[in-house]
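Undergrad:
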Amino acid sequence: MSEEILMNITPMESRVALVENGVLQEVYVERSRNRGIVGNIYKGKVVRVLPGMQAAFVDIGLEKAAFIHASEIFDRNNRPEGAGEPGIVELVREGQSMVVQVTKDPIGTKGARLTTHISIPARYLVLMPHNNHVGISLRIEDPQERERLKDTVERLLEQESLNDKGGFILRTAAEGIGEQELLADILFLHRLWTTVEEQIKESSAPDCVYEDLPLHLRTMRDLVEPDIEKIRIDSLDTFNKVCKFVRKLVPHLDGRVEYYTGERPLFDLFSVEDEINRALSRRVELKSGGYLIVDQTEAMSTIDVNTGGFVGHRNLEETIFKTNLEAATAIARQLRLRNLGGIIIIDFIDMEDVEHQRQVLRTLEKNLERDHAKTNITGVSELGLVEMTRKRTRESLENTLCEACPTCNGRGTLKTAETVCYEIFREIMREARAYENDTYLVLASEAVVDQLLDEESDNVAELEAFLDKTIRFQVEPRYSQEQFDVVLV
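Note that the UniProt record's numbering has the sequence shown beginning at 1, numbered continuously upward.
#1: Sort ASP222, SER445, ARG48 and GLU436 by Cα distance to TYR28 and report the nearest one.
#2: Hey, ASP339 and GLU26: beta-carbon distance below 9 Å or not?
#3: Kindly indicate which three-state DSSP category PRO51 falls into: helix, strand or coil?
#4: State whether the stretch 17 to 26 contacts the stretch 272 to 291, with contact taken as three or more CB pairs (one from each stretch) at a distance under 8 Å.
#5: Starting from HIS117, follow the alpha helix (DSSP H) in both directions and report where the run begins and ends.
#6: Using C-beta distances below 6 Å, list every residue in its chain close to GLN359, excluding the 5 sequence neighbours before and after it, in chain order.
#7: In or out: LEU236 buried (at least 16 other Cβ within 10 Å) or exposed?
#8: What does the alpha-carbon distance come out to for the pair ARG15 and ILE186?
#9: Taking C-beta to C-beta, are TYR440 and PRO206 nearer than 9 Å?
#10: Output yes or no for whether 9 Å exceeds the beta carbon distance between GLU175 and ASP142.
#11: What residue range does the alpha helix (DSSP H) around ILE275 cover?
#12: Buried or exposed: which applies to GLN474, given that a residue is buried once 16 or more other Cβ atoms fall within 10 Å of its Cβ?
#13: By how many angstroms is the C-alpha of THR172 removed from the C-alpha of SER137?
#14: Among LYS241, PHE57 and ASN132, whose alpha-carbon lies nearest the alpha-carbon of LYS110?
#15: In chain order, which continuous runs of the beta strand (DSSP E) of length 3 or greater are located wholly inside the stretch 143 to 188?
#16: In terms of DSSP beta bridges, what is LYS45 paired with?
#17: Is it true that the CB of LYS366 sits closer than 9 Å to the CB of GLU326?
#18: Ordered along the chain, which non-local residues of its own chain (more than five positions away) have a Cβ less than 6 Å from that of CYS408?
#19: What's the gap between the Cα of SER396 and the Cα of SER301?
#20: Do VAL448 and ALA417 have their beta-carbon atoms positioned less than 9 Å apart in this structure?
#21: Below 8 Å on the Cβ atoms is my guess for LEU182 versus LEU156; work out the distance and round it to an integer in Å.
#22: GLY292 and ALA332: beta carbons closer than 9 Å?
#23: Name the residue from GLU427, ILE424, ILE73 and HIS356 whose alpha carbon lies nearest to the alpha carbon of THR115.
#24: Do ILE231 and MET7 have their C-beta atoms closer together than 9 Å?
#25: Does DSSP classify PRO121 as helix, strand or coil?
#26: What residue from LEU488, GLU382, GLN159 and ASP304 has the CA that sits closest to ILE349's CA?
#27: From the DSSP output, read off the bridge partner residues of ASP295.
#28: Does the contact criterion of 3 or more C-beta pairs under 8 Å hold for the stretch 208 to 216 versus the stretch 145 to 162?
#29: Looking at ALA66 and VAL102, is the spacing between their C-beta atoms short of 9 Å?
#30: Can you list, in chain order, the residues of its chain with a C-beta nearer than 8 Å to that of THR393? Leave out the 5 residues immediately preceding and following it.
#31: From the DSSP output, which residues share a beta bridge with SER137?
#32: By Cβ distance, which residues of its chain are closer than 6 Å to residue 494, with the 5 residues on each side in sequence left out?
#33: Counting along the chain, where does the beta strand (DSSP E) carrying ARG336 start and finish?
#34: Out of ALA279, LYS241 and GLY289, state which residue places its alpha-carbon closest to the alpha-carbon of residue 526.
#35: Can you check DSSP and say which residues form a bridge with GLU285?
#36: Around the C-beta of ASP212, are 16 or more other C-beta atoms found within 10 angstroms, so that it is buried, or is it exposed?
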């Protein structure tokens, strides 16, 4: 599989696109004005303890207080066996300072999510300062390689007398990596944590004591895998910074980083710009003629599969099966591209054949294997729906690039001109009962006034006769279709 990473950098915004076989799969956007804070470590202050929710709110210096659950608080006390999990009131108190790490950016109306289980990633390893365990990514499947890596790290920790100074998780990128590279990561992470500890001692809450890398360097640390062929960057300054980072931490990638100087904008390659715009649409066309409808809400995201213009060549069941197979591949890509998280409900077209259901589900699972976010599929429900979850750590592409429509306030629909006309009639009736007046002026949008003077003109005449009043109309260009005013003149 051919993979490339494209980095489009401007002073205001950084964008990273992951392209597989010429097709955009993931896009990351970071704006200078509001950089994400996942991975940042703060010295915070507990501002409110909620025993009923087993949680607390912590001030880390943001506009909204951040949220931490009791299960995310590191218990330093050795509890007797069978004592059960400690309650939130045993772990924290109001006014207390605590060191926390952000696991989820503030999303919508919710504040950031926190943990005290600190972890700091490098290229091959993740340091866990409060844990002495050595773990390995589940994506490294070879038992011999898993054993080799674990033995190597444990031996290096003993050699450097660091056994009791934190544990490590070996990342997927560590597969096949030698002893020297692993040792370099171990020493780098311990030096970094020592610096953070000093910062914690010197600072007063609330304060940021460790900030994660900017997007272009996080990309090199987290997304670049051995099969990446090219990393193209259109900013010379960022190119130089990435090259310096690569030479220090991932030297085998040195020849793959390229400064892009082409005439066409970098994101016009592989139609990345067009794909981003398409990812903001509800409708996703399938090559067969079928289509998906993707709806994102605060509670969950839903994806509906439709055959559309695809009629197949054999029978209905075969048509449905082929559409669902193509949809399963497209859905996996859309989840990554749109960065949909939380609960996701997929309504495939109903299949009677159990083997067809199994193959569609397997296709979805196989295509999600390359997803960097953790996913969990529960199978097909009694209603024929596929229920799944995808870990959400940052805003979706839609929430990053868009805002709720000020006209419909995010509903996605508007009242018809006819509906608004009848609301106006009712408002005039209310005004007539409350005030003695001869003339009413209706201020409304052009569409509504046109409807009142044309299709509803008979009703207007009847209302004037019934009330014995004059009704006049005036177009207000700035009014939305739902806005109107009835003025006494």
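C-beta atoms are modelled at their ideal positions from N, C-alpha and C, and glycine is treated no differently. Note that the structure is predicted; figures quoted are calculated from it, not measured.
TA: On the basis of the coordinates in this document:
#1: ASP222
#2: For the record, residue 339 in the displayed sequence is Asn; it is not Asp. Cβ atoms of ASN339 and GLU26: closer than 9 Å.
#3: helix
#4: Yes: the two stretches touch, three or more of their Cβ pairs being nearer than 8 Å.
#5: Unbroken run through HIS117: none, as it is neither H nor E.
#6: none
#7: exposed
#8: 30 Å
#9: Result no, Cβ atoms of TYR440 and PRO206 do not sit closer than 9 Å.
#10: yes
#11: Correcting the residue identity first, residue 275 is Glu in this sequence and not Ile. Where GLU275 is concerned, the enclosing alpha helix (DSSP H) stretches over 272 to 278.
#12: exposed
#13: 6 Å
#14: PHE57
#15: 167 to 170
#16: ASP59 and SER97
#17: no
#18: LEU414
#19: Distance between the alpha carbons of SER396 and SER301 is about 11 Å.
#20: yes
#21: Separation of the CB atoms of LEU182 and LEU156 is rounded to 6 Å, and the pair is thereby assigned contact status at 8 Å.
#22: The sequence shown places Leu at residue 292, rather than the Gly named in the question. No, these two residues do not count as a Cβ contact at 9 Å.
#23: Here the closest residue by C-alpha is ILE73.
#24: yes
#25: strand
#26: ASP304
#27: THR302
#28: no
#29: yes
#30: Hits under 8 Å: VAL38, THR103, LYS104, ASP105, GLY341 and ALA373.
#31: BP columns for SER137 are empty, so no partner.
#32: Outside the modelled stretch of the chain, which goes from 1 to 489, sits residue 494, for which no answer is possible.
#33: Where ARG336 is concerned, there is no enclosing beta strand (DSSP E), although the alpha helix (DSSP H) it sits in stretches over 316 to 338.
#34: Only positions 1 to 489 of the chain appear in this structure, which leaves residue 526 out of reach.
#35: TYR291
#36: buried
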